[in-house]
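Peer 1: Residue numbers (the numbering used here): -11 to 132.
Heads up, the beta-carbon is just placed ideally off N, CA and C, and yes, glycines get one too.
Computed from a predicted structure; not experimentally measured.
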Amino acid sequence: MNPSTAQRAQGFGLVEVLIALLVLSLGMMGLLKLQSTSLRHANSSAMRLVAVNLSQDMLERMRANRSLALQGEYNIGLDDTSATGRLKQTELEGWKTALATNLPNGNGSISSDGVQITITAQWTESWDADLGSGVATVSLRSQP
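#1: Measuring alpha carbon to alpha carbon, tell me which residue in TYR62, SER33, THR78 and ILE7 is nearest ASP101.
#2: Taking 8 angstroms as the threshold, find out whether the region 85 to 103 comes into contact with the region 10 to 26 through three or more Cβ pairs.
#3: Give a yes or no on contact between the region 39 to 48 and the region 80 to 92, applying the rule of three or more CB pairs nearer than 8 angstroms.
#4: Assuming the contact rule is C-beta atoms closer than 8 angstroms, SER130 and THR108 should be a hit. Round their C-beta distance to whole Å, please.
#5: Taking 8 angstroms as the line, does the beta carbon of ARG129 fall inside it for any heavy atom of the ligand COA?
#6: Helix, strand or coil, according to DSSP, for GLU79 in the structure here?
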């Protein structure tokens, strides 16, 4: 083997190593993105579960006071920060406080048309810097 062939063979091994490192680094970046997306969706799912549980809890409270619920005594809007009356102070303000405490920018509303009740929980979901953030909503509709 002459010396020029031996030098080319050593250089060819270095190029293979560099290409292998490039492929490996691209694969690792793909795994990192997959992990990041998985964590984001798991966090979103956990917040949705909290919203559903808090809304279900309020629905059960309304079922306990069915006549008041059908009369619209539980009605409260997203923009309403305080409620009047003993019932509203204990249940509605407590529910709104629980939403605000357990969800980022958590808020809620309840409306009744005399037949059907709609309970809505709303919060801000922040994703990554590229996508920004958005408002997530869970709505329950039921008859008390």
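Peer 2: From the atom records:
#1: TYR62
#2: no
#3: yes
#4: Not really, about 12 angstroms apart at Cβ, beyond 8 angstroms.
#5: The model depicted lacks the ligand COA and carries no ligand whatsoever.
#6: helix
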